[in-house]
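S.K.:
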Amino acid sequence: MAKEKRDRRLDRRQAEGRVLKANNTKTRIVAVEQRIPHALYGRIIRRTAKFVAHDEREESQVGDLVRIEECRPMSKTKRWRLVDILERQ
Numbered sequence: 020m021a022k023e024k025r026d027r028r029l030d031r032r033q034a035e036g037r038v039l040k041a042n043n044t045k046t047r048i049v050a051v052e053q054r055i056p057h058a059l060y061g062r063i064i065r066r067t068a069k070f071v072a073h074d075e076r077e078e079s080q081v082g083d084l085v086r087i088e089e090c091r092p093m094s095k096t097k098r099w100r101l102v103d104i105l106e107r108q
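Per my numbering, residue 20 is the first one in the sequence shown, and the count goes up by one each step.
#1: Indicate whether Ile48 and Lys69 have their beta-carbon atoms separated by less than 8 angstroms.
#2: Compare the C-alpha of Glu75 against each of Ala41, Lys45, Ala58 and name the closest.
#3: Applying the criterion that 16 or more other CB atoms from any shown protein chain within 10 Å of the CB defines a buried residue, is Ile63 buried or exposed?
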């Protein structure tokens, strides 16, 4: 039985968020917001996670809405790559 090799790039997680910081070279801090209902009360709660993302061309600015994708570790904390800019600030 031959096992099919799956392309791992298809399994990568993607997220959309706003660029919070653009201070470092080729690095952006992106805030991704989740809206989930409270387990008991049902009220919508906003949860925010910050991700360090790699921006190879340095084209995003603070306030831009961007799409990021999981990738191999590029540094101690950088595990996401900027895919595209959805909305400019």
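Cβ atoms here follow ideal geometry from the backbone N, Cα and C, with glycine treated the same way.
M.R.: Walking through what the data contain:
#1: Counting from 1 along the sequence shown, the entry for residue 48 is found at position 29. Counting from 1 along the sequence shown, the entry for residue 69 is found at position 50. Yes, Cβ-Cβ distance for Ile48 and Lys69 is below 8 angstroms.
#2: To locate residue 75, count along the sequence shown from 1; it is residue 56. When only C-alpha atoms are compared, the closest one is Lys45.
#3: Within the sequence shown, residue 63 is the residue found at index 44, counting from 1. Of the other Cβ atoms in all chains shown, fewer than 16 fall within 10 Å of the Cβ of Ile63; this residue is therefore exposed.
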